[in-house]
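**Student:**
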Amino acid sequence: MTPRTTALLGLLVPVLAVLSACGTTQKTFAEDFVELYCSEHADCDRIGRPCPVRISEEGAKYRDCAFDAALAESCLAGAFTCDDSVPENASVIVPEDCLNVCGDIATGAE
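Under the working numbering, the first residue of the sequence shown is numbered 219, with each subsequent residue one higher.
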């Protein structure tokens, strides 16, 4: 996994935990996102590593978020692609809208 992908997942997984507790719409988005991501990961990763994204409510701390349903729909409709330029570090590239579904991940703004 590339350092950029590791950083992205480090930011995205807490957002998914937040989304899973924010209500039905956010929970549905989080579940659908994980399903799409893990499906692409299974096709992309030639080493057989388990999907690095999951929703775990055990011990998670949730916060309110500025959920954007339009961005969520755009994220799920977008192309989840594989960067396999380094086969042993193949990683999933998510649509950019996925990064802003619960505020801006890059800045922490909501």
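C-beta: ideal position from N, C-alpha, C; glycine also. Bear in mind the structure is a predicted one, so any value in this text is a computation, not a measurement.
With Leu294 and Phe251 assumed to form a contact (beta carbons below 8 Å), what rounded beta-carbon distance in angstroms separates them?
**Tutor:** Taking the first residue of the sequence shown as position 1, residue 294 is located at position 76. Taking the first residue of the sequence shown as position 1, residue 251 is located at position 33. Indeed, because the Cβ distance is near 7 Å, the residues count as touching under 8 Å.
**Student:** Could you tell me whether any Cβ in chain C is nearer than 8 Å to the Cβ of Ala284?
**Tutor:** In summary, chain C is missing from the structure at hand, where a single protein chain is found.
**Student:** Take Ala287 as the anchor and find which of Glu253, Asn318, Leu254, Tyr255 has the nearest alpha-carbon.
**Tutor:** On the sequence shown, position 69 is the one that residue 287 refers to. For Ala287, the closest C-alpha among the options Glu253, Asn318, Leu254, Tyr255 is that of Asn318.
**Student:** In the structure shown, what three-state DSSP assignment does Asp315 receive?
**Tutor:** In the sequence shown, counting from the first residue as 1, residue 315 sits at position 97. In this structure, Asp315 counts as helix in the three-state DSSP scheme.
**Student:** Any idea which residues DSSP pairs Val310 with across the strands?
**Tutor:** Here residue 310 corresponds to residue number 92 of the sequence shown, with the count starting at 1. For Val310, which the question treats as bridged, DSSP gives the partners Cys300.
**Student:** Use the C-beta contact count for Asp261: other C-beta atoms within 10 angstroms, 16 or more gives buried, fewer gives exposed.
**Tutor:** Within the sequence shown, numbered from 1, the residue matching residue 261 stands at position 43. The residue in question, Asp261, is exposed, as its Cβ has fewer than 16 Cβ neighbours within 10 Å.
**Student:** Bridge partners for Cys269 per DSSP, in chain order?
**Tutor:** Numbered from its first residue, the sequence shown carries residue 269 at position 51. Answer is none; Cys269 lacks a bridge partner.
**Student:** Using CA coordinates, which residue listed in Asp302, Arg264, Pro305, Cys320 is at the minimum distance from Ala284?
**Tutor:** Taking the sequence shown and counting its residues from 1, the one referred to as residue 284 is at position 66. When each option's Cα is compared against that of Ala284, the closest is Cys320.
**Student:** Label Glu258 either buried or exposed according to how many other C-beta atoms from any shown protein chain fall within 10 Å of its C-beta, with 16 as the threshold for buried.
**Tutor:** Here residue 258 refers to the residue found at position 40 of the sequence shown. Buried: at least 16 other Cβ atoms inside 10 Å.
**Student:** Given this structure, state the Cα-to-Cα distance separating Thr299 from Leu254, to the nearest angstrom.
**Tutor:** In the sequence shown, counting from the first residue as 1, residue 299 sits at position 81. In the sequence shown, counting from the first residue as 1, residue 254 sits at position 36. Near 10 Å, if we compare the C-alpha coordinates of Leu254 and Thr299.
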